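From first to last, the protein sequence lines are chains D and W.
Going by UniProt numbering, 129 is the number at position 129 of the first sequence; the sequence numbering is gapless.
Going by UniProt numbering, 122 is the number at position 122 of the second sequence; the sequence numbering is gapless.
We put the CB at the ideal spot given by N, CA and C, even for glycine.
As the structure is a prediction and not an experimental result, all values here were calculated from the model.
Protein chains: 2
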Amino acid sequence: MTNDHHHDCCGGDHHHGHAHSHHPAEGRADLDGPAGSPILIEVTRGGMVESVHRGRAAVVDARGGILAQWGDVRAPVYARSSVKPLQAIPLVETGAADAFAVSTEELALACASHNGEERHTQVAGRWLARMGLSPADLECGAQIPYDVETGNALLLRGEAPSTLHNNCSGKHTGFLATALHKGEPTKGYVRYDHPVQQRILGVTEQMTGQDLSRAPWGIDGCSIPTIGIPLEAVAYAMARIADPRDLPERRAQAVTRIREAWTAHPYLIAGRDTFDTAIMEAAGGAVLVKQGAEGFGVAVLPRLGLGVALKIDDGAARARDIAMGALIRSLRAVDDALWTTAPGLLATPITSRAGAEVGTVRAALAWPPAAA
Amino acid sequence: MTNDHHHDCCGGDHHHGHAHSHHPAEGRADLDGPAGSPILIEVTRGGMVESVHRGRAAVVDARGGILAQWGDVRAPVYARSSVKPLQAIPLVETGAADAFAVSTEELALACASHNGEERHTQVAGRWLARMGLSPADLECGAQIPYDVETGNALLLRGEAPSTLHNNCSGKHTGFLATALHKGEPTKGYVRYDHPVQQRILGVTEQMTGQDLSRAPWGIDGCSIPTIGIPLEAVAYAMARIADPRDLPERRAQAVTRIREAWTAHPYLIAGRDTFDTAIMEAAGGAVLVKQGAEGFGVAVLPRLGLGVALKIDDGAARARDIAMGALIRSLRAVDDALWTTAPGLLATPITSRAGAEVGTVRAALAWPPAAA
Chain D
1 MTNDHHHDCC GGDHHHGHAH SHHPAEGRAD LDGPAGSPIL IEVTRGGMVE
51 SVHRGRAAVV DARGGILAQW GDVRAPVYAR SSVKPLQAIP LVETGAADAF
101 AVSTEELALA CASHNGEERH TQVAGRWLAR MGLSPADLEC GAQIPYDVET
151 GNALLLRGEA PSTLHNNCSG KHTGFLATAL HKGEPTKGYV RYDHPVQQRI
201 LGVTEQMTGQ DLSRAPWGID GCSIPTIGIP LEAVAYAMAR IADPRDLPER
251 RAQAVTRIRE AWTAHPYLIA GRDTFDTAIM EAAGGAVLVK QGAEGFGVAV
301 LPRLGLGVAL KIDDGAARAR DIAMGALIRS LRAVDDALWT TAPGLLATPI
351 TSRAGAEVGT VRAALAWPPA AA
Chain W
1 MTNDHHHDCC GGDHHHGHAH SHHPAEGRAD LDGPAGSPIL IEVTRGGMVE
51 SVHRGRAAVV DARGGILAQW GDVRAPVYAR SSVKPLQAIP LVETGAADAF
101 AVSTEELALA CASHNGEERH TQVAGRWLAR MGLSPADLEC GAQIPYDVET
151 GNALLLRGEA PSTLHNNCSG KHTGFLATAL HKGEPTKGYV RYDHPVQQRI
201 LGVTEQMTGQ DLSRAPWGID GCSIPTIGIP LEAVAYAMAR IADPRDLPER
251 RAQAVTRIRE AWTAHPYLIA GRDTFDTAIM EAAGGAVLVK QGAEGFGVAV
301 LPRLGLGVAL KIDDGAARAR DIAMGALIRS LRAVDDALWT TAPGLLATPI
351 TSRAGAEVGT VRAALAWPPA AA
């Protein structure tokens, strides 16, 4: 599949072998001049574009070939929650998922940035309880649910949000499952040097084809390390989820199981009124997406064997979602009819407080991208 | 004052007479190359800059001389709520403020984007009642208060937010006062062709030195027109508030009265936990600021006779506030001790959900700016 599909829709420089190179950026000039990434999103109001969002993106195949790119795709980026599906690989590979009879729903939640709705927190809570653990064992911190209705309901009941409402509670439950199964301490599982995080680092290196031992890193919102990885390498890892045939067999099996859980439960991955859940429910398996904080997003396109990674330079979520919709449309990864039935995936109306539509957030990225 | 102060802190191209030119942009090249505005703000996390915010800014004196500029300051921008102090001028000049015995607090609230706290809504509510009007006469739409605690209190009392909680309720009450005083219909006062808005358009043209009759415009969040104005011209208008001596006498008096109200009531202008209120309370009259939506902001520096306008290209509020703090510090508009006692005006910590400090939003703008 890797080499026998042809995208006449894809421009750009089809060079192979770079995305999984162990060499850092070779000083290649930014495609868009020294001053920045291209404009991917425009925010209009009446007769004018009011704001713009610049960003970088790469479309990569499972051999590391870059099929399209916007801006500098070599510089390291924090993929944040977009790499949760990679971080779930050890949960499967260590045997922890089988040992604790982890369900498809639970595996999906391990890949989720969920809304904190009851449908989400109940899955995490039951999974923890089955392992003899409690929300107090989660080291992600408490979070007011992303879902406003759920947050308001908590407030009206006089309840404080808990670690279960943290959008990462499923991922952290998966971390605890792995630590328990391996006989490692559960306390401190978020630390860079804990075996849980070191195992993830190794998996991430293999999937991205990068030596990350000296990569810049920081602490994510949920307290675990987030690693600086070239954007093209994140897209490459996603392509290998789309098309795992060149992976070692055990890894290919783990990746396939994760991809199937991700596909089967789009609501658990995010939730009500989210771009990720909406596009995955509409696309019926043709596309998997996973948003991360600070404007990061990825897509896995199983039918095309491609991975996509996207970083909005300024970190805006409103731009990330619409840019991802536009990229997926440009790649013809889903049936064109989807865009007619779900126009909100390609543009977000801006309304006045009185409810009138006064502007829009819309895609402005060039397709095909400017050649390198 | 205009010509007898010297800023050895200010770089850039000191050309005079442009900001109040009636000519649109003359095709001058963007200072920072075709790809965009300079980076004004960096968002760091651990060992890396994770996101950046680009923007444009101008520092202008009351003769229209540009003392410093970043990026393209000629292109039209929507100044949004930053021009509320200009929009309050007719309230004073028509005699409406005197006829309705408008207090200094009420005049400040007419310039505000307030938090919807009781301190704010009570001022608007009493002012409306005194004119025989009610919140139903405000055409700004209802808004959940910016202040989270106030919003939660409403929810717990089972009350819906009203038009009084709209951050613009003071400004709209001022519009109604002017319409009533002039015998104009109060219904429809938000429309572009209503005398209230046409009067504001004329005042804005005079204060900015622009012919705005064919300027692009859109509808603001509170339903009134927002006009596309060159950024440097917005800064020029603010400089004329700082130093109104060259204005016609009646306008100078109105502007001075507005500036004094703005100075006297920093809490009414914004509210709890806001950059605008915090810096104005700390600066004790040395600086006035007014944020607008989509990353716009202005400052009036009365002691220096300068105006500042700032647009974050991507519309981010987090970047606007920190960039404004950095600009005000670079201009030495306030005592240096302020920055030690209020470091939050120059950088915002980013924390994990568990409460650890994991990054920062910090200024990255060059000072002095690159020469044109």
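- When the alpha-carbon of Glu-50 of chain W is set against those of D:Glu-281, D:Tyr-78, D:Ile-66, D:Val-60, the nearest one is in D:Tyr-78.
- When secondary structure is reduced to three states using DSSP, Phe-175 of chain D falls in the helix class.
- Distance from the CA atom of Ala-326 of chain D to the CA atom of Ala-366 of chain D, rounded to whole angstroms, is 10 Å.
- Every beta strand (DSSP E) of 3 residues or more that sits fully in the region 242-315 of chain W is shown, in chain order, as 288-292, 296-301, 306-312.
- Assignment of Arg-54 of chain D by DSSP, reduced to helix, strand and coil, places it in the strand class.
- The region 122-139 of chain W makes contact with the region 176-188 of chain W, as at least three CB pairs between them are under 8 Å.
- If you draw a straight line from the Cα of Pro-90 of chain W to the Cα of Pro-369 of chain D, it is about 50 Å long.
- Listed by position along chain W, the residues whose Cβ is nearer than 9 Å to that of Val-43 of chain D are Glu-294, Asp-314, Gly-315.
- Pairing Ala-293 of chain D with Gly-221 of chain D gives a Cβ-Cβ distance under 8 Å.
- With contacts defined as CB atoms closer than 8 Å, Ile-269 of chain W and Ala-108 of chain W qualify as a contacting pair.
- Taking a cut-off of 8 Å for Cβ pairs, the region 151-164 of chain D and the region 196-205 of chain D do not touch, as fewer than three such pairs fall below it.
- For Thr-121 of chain W, the secondary structure class from DSSP, reduced to helix, strand or coil, is helix.
- Residue-level contact check: Ile-229 of chain D does not touch chain W, since none of the beta carbons of chain W fall below 8 Å from its beta carbon.
- The alpha-carbon separation between Glu-260 of chain W and Thr-104 of chain W amounts to approximately 8 Å.
- Interface with chain W (8 Å Cβ-Cβ cutoff): Glu-149 of chain D is excluded.
- In the same chain as Glu-42 of chain W, and ignoring 5 residues on each side of it, the C-beta atoms closer than 6 Å to its own belong to Val-49, Val-52, Arg-362, Ala-364, in chain order.
- Annotation for Gln-69 of chain D: the continuous beta strand (DSSP E) segment containing it runs 66-70.
- The distance from the Cβ of Ala-323 of chain W to that of Leu-40 of chain W is about 5 Å, consistent with a contact at the 8 Å cut-off.
- Scanning its chain for C-beta atoms nearer than 6 Å, with the 5 sequence neighbours on each side dropped, one finds around Glu-184 of chain W the residues Pro-195, in chain order.
- One Cα belongs to Asn-152 of chain W, the other to His-172 of chain W, and the distance between them is close to 25 Å.
- One alpha carbon belongs to Ala-309 of chain D, the other to Arg-45 of chain W, and they sit about 20 Å apart.
- Listed along the chain, the chain D residues whose CB falls inside 7 Å of the CB of Cys-111 of chain W amount to none; the nearest CB is some 19 Å away.
- Between Thr-256 of chain D and Pro-266 of chain D, the CB-CB gap reaches or exceeds 8 Å.
- No Cβ of chain D is located within less than 8 Å of the beta carbon of Arg-74 of chain W.
- Spatial neighbours of His-114 of chain W in its own chain (CB-CB distance under 6 Å, excluding positions within 5 residues in sequence) are listed in chain order as His-120, Asn-167, Gly-271.
- Taking a Cβ-Cβ cut-off of 8 Å, the neighbours of Glu-139 of chain W in chain D comprise Ala-354, given in sequence order.
- With a contact defined as Cβ atoms closer than 8 Å, Met-238 of chain D and Gly-315 of chain D miss out at about 20 Å.
- CA-CA distance, Ala-101 of chain D to Leu-212 of chain D, rounds to 32 Å.
- Look at Pro-76 of chain W here: in three-state DSSP terms it is strand.
- Gln-291 of chain D and Met-131 of chain D have their alpha carbons spaced roughly 28 Å apart.
- Asp-147 of chain W sits in coil when the DSSP states are folded into three classes, being neither helix nor strand.
- Close to Pro-216 of chain W, with beta-carbon spacing below 7 Å, are these residues of chain D in chain order: Gly-46, Gly-47, Met-48.
- Distance from the CA atom of Ala-112 of chain W to the CA atom of Gly-170 of chain W, rounded to whole angstroms, is 7 Å.
- Exposed is the label assigned to Tyr-192 of chain D, since fewer than 16 other Cβ atoms lie within 10 Å of its Cβ.
- With a minimum length of 3 residues, the unbroken runs of beta strand (DSSP E) contained wholly in the region 174-233 of chain D fall at 217-219, 225-230.
- Here Glu-105 of chain W carries a helix assignment [DSSP, helix/strand/coil].
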